[in-house]
Amino acid sequence: MYDRFNRQITYLRISVTDRCDLRCTYCMPEKGVVAKRHQDILSYEKMVEVAREAIALGIKKIRLTGGEPLVRKGVLFLVEQLKKLPGLEELTLTTNGVMLDKMARLLKQAGIDRINISLDTLDPEKYKKLTRIGDIKHVLRGIDATIEAGFQNTKINMVLIPGFNDDDVQSMQAFCREKGFTLQRINHYSLVDIDSINRNYTAERPLECSECNRIRLTADGRLKACLFSDLEIPLDFNNLRESLIQAIQSKPESGTCNFNRQIWQIGG
Ligand code: SAM
Ligand code: SF4
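As C-alpha cells, this is what we get:
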C-alpha cells in the first residue's frame, strides 16, 4: 500500500518487548525502566494477527526488535508463526547479541532469515561504559554462533557517537570484513527532535523521510507510522485492516518530534 506521499509501505518493525538486558546510554535511563506488565503487552498470537493483515496490505518484510527481542520468553514461537505467513518475503531480527550464543541456531531453525547485531566498539572498556552492564565477550561469542548457525548477510549496527567511538570505525570495518558482515553505521539521534540526527557522518541510517517504507508496532499494541512523531494508532482487533490503513495514511511527510515514547519502547 502507498501512503499519502506515494511511499510504498513494505516493512513492518515489531517491538517484541520493552525489556532489555543492557542499559545503553543512548537508549535507556541508567536506573532502567518500569517495564509494562505482562497483561499490557500484546500476546504473540495478536502480533501474528497484525502481521497477517499487514502482509495482506503489502508488507513484505518484518523485523523483530525491542527492547531486546530475545529476552521475551517463547520468542521462537513468534518466529515460527510469522515464518508460516504466506506472502512474507523476509523475517529479520535486530539484537544486542548477548543471547545469540545460546539462540542463534534455534533462531535459524525457527525461520529468521537475517540478523543485525548492535555493536558500537570492539574496545571492552568502551563497550562496558556504553552499555553500562554489558560484557563484550558475550556479544563476540554470539557473533561467532551466528556464523556457525549459517546466517548470511549479517549486519553490525554501529551508532556513531561523536567524540566517543568515531575513531572505532576503521577497526569495526576490519572486523566486519573478517567475519563477512556489513557494517551499518547509524547516526545518533534523540527522538524529541529530528534535527538532532547527527548528519556529520555519511552513515547508512537513519534513512531520509522520503525513502521511509516502514511502520512500527509497539509491544503494547500501538501502530506508529513515524519514529519522530507522537502520533499512534490503537489496534482494533475487530478491524485490523482499518487500523493499519489508518496508520499508513497517518504517516507524515517528514518527522518532527516524539515526546511520548523512548527508543527502547519502539525499537529504533
Ligand atoms: N536491543 C536491540 C539492539 O540493541 O539491537 C534492539 C533494539 S535497539 C533500540 C535497535 C537499534 O537502535 C540498535 O541498533 C541501537 O543501537 C539503535 N539505537 C538505540 N538508541 C539509538 C540512538 N539514540 N540513536 C541511534 N540509534 C539508536
Ligand atoms: Fe537495550 Fe538495544 Fe536499547 Fe541497548 S539499544 S538499551 S540493547 S534496547
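With the numbering used here, letter number 177 in the sequence shown gets 810, and the count goes up by one each step, no holes.
A virtual CB, placed ideally from N, CA and C, is assigned to each residue, including glycine.
Note that the coordinates shown come from a computational prediction; the quantities given were computed from them, not determined experimentally.
Measure from the alpha carbon of residue 778 to the alpha carbon of each residue in 736, 798, 762 and 818, then state which is nearest.
-> The sequence position of residue 778 within the sequence shown is 145, counting from 1. Selected option, being the one with the closest Cα: 736.
Report whether the distance from the Cβ of residue 900 to the nearest heavy atom of the ligand SAM is below 8 Å.
-> On the sequence shown, residue 900 is found 267 positions in, with the first residue counted as 1. Indeed, a heavy atom of the ligand SAM lies less than 8 Å from the Cβ.
Are the Cβ atoms of residue 776 and residue 733 separated by less than 9 Å?
-> Start at 1 with the first residue of the sequence shown, and residue 776 comes out as number 143. Start at 1 with the first residue of the sequence shown, and residue 733 comes out as number 100. Yes, the pair counts as a contact, with Cβ atoms nearer than the cut-off.
For residue 648 and residue 707, believed in contact at Cβ under 8 Å, the rounded distance = Sequence index remark: in the sequence shown, residue 707 carries index 74 (1-based). Sequence index remark: in the sequence shown, residue 648 carries index 15 (1-based). Going by Cβ atoms, the distance from residue 707 to residue 648 rounds to 16 Å, so no, they are not a contact pair.
Coil, strand or helix - residue 803 by DSSP | The sequence position of residue 803 within the sequence shown is 170, counting from 1. Looking at residue 803 - three-state DSSP - the assignment turns out to be helix.
Since residue 817 sits in a beta bridge, which residues does DSSP pair it with?
-> In the sequence shown, counting from the first residue as 1, residue 817 sits at position 184. 790.
Spatially closest choice to residue 926 from 872, 821 and 644, by CA coordinates | This structure cannot settle anything about residue 926, because the visible part of the chain is limited to 634 through 901.
Collapsed DSSP secondary structure at residue 706 in the structure displayed = For this step, residue 706 is matched to residue 73 along the sequence shown. Note: residue 706 maps to coil in three-state DSSP.
Are the segment 663-670 and the segment 686-696 in contact at 8 Å, needing three or more beta carbon pairs?
-> Contact between the segment 663-670 and the segment 686-696 is absent, because fewer than three Cβ pairs lie under 8 Å.
C-alpha gap between residue 770 and residue 826, whole angstroms | As a first step, residue 770 is located in the sequence shown; it is residue number 137 there, counting from the start. As a first step, residue 826 is located in the sequence shown; it is residue number 193 there, counting from the start. Going by C-alpha positions, residue 770 is about 34 Å away from residue 826.
List the whole-angstrom C-beta distance separating residue 788 from residue 814, where the pair is believed to meet the contact cut-off of C-beta under 8 Å.
-> In the sequence shown, counting from the first residue as 1, residue 788 sits at position 155. In the sequence shown, counting from the first residue as 1, residue 814 sits at position 181. A Cβ-Cβ distance of about 6 Å is found for the pair residue 788 and residue 814, placing them in contact under the 8 Å criterion.
Is the number of C-beta pairs between the segment 747-762 and the segment 797-811 that are closer than 8 Å three or more?
-> As far as the Cβ criterion goes, the segment 747-762 touches the segment 797-811, which means the pair count is three or higher.
Express the C-alpha separation of residue 760 and residue 768 in angstroms, rounding to a whole number.
-> Translated into positions along the sequence shown, residue 768 becomes position 135. Translated into positions along the sequence shown, residue 760 becomes position 127. Their Cα atoms are separated by approximately 7 Å.
Measuring from the CB of residue 654, is there a heavy atom of the ligand SF4 at a distance below 8 Å?
-> Walking along the sequence shown from the start, residue 654 turns up at place 21. Flag set: Cβ of residue 654 near the ligand SF4.
Looking only at C-alpha atoms, which of 818, 774, 838 and 844 sits nearest to residue 812?
-> Stepping through the sequence shown from its first residue, residue 812 is reached at position 179. For the set 818, 774, 838 and 844, the Cα lying nearest the Cα of residue 812 is the one of 774.
Terminal residues of the beta strand (DSSP E) in which residue 725 lies = Here residue 725 refers to the residue found at position 92 when the sequence shown is read from its first residue. Its beta strand (DSSP E) spans residues 723-728.
Would you kindly work out how many angstroms separate the C-alpha atoms of residue 849 and residue 646, rounded to a whole number?
-> The sequence position of residue 849 within the sequence shown is 216, counting from 1. The sequence position of residue 646 within the sequence shown is 13, counting from 1. Note on geometry: alpha-carbon atoms of residue 849 and residue 646 lie some 5 Å from one another.
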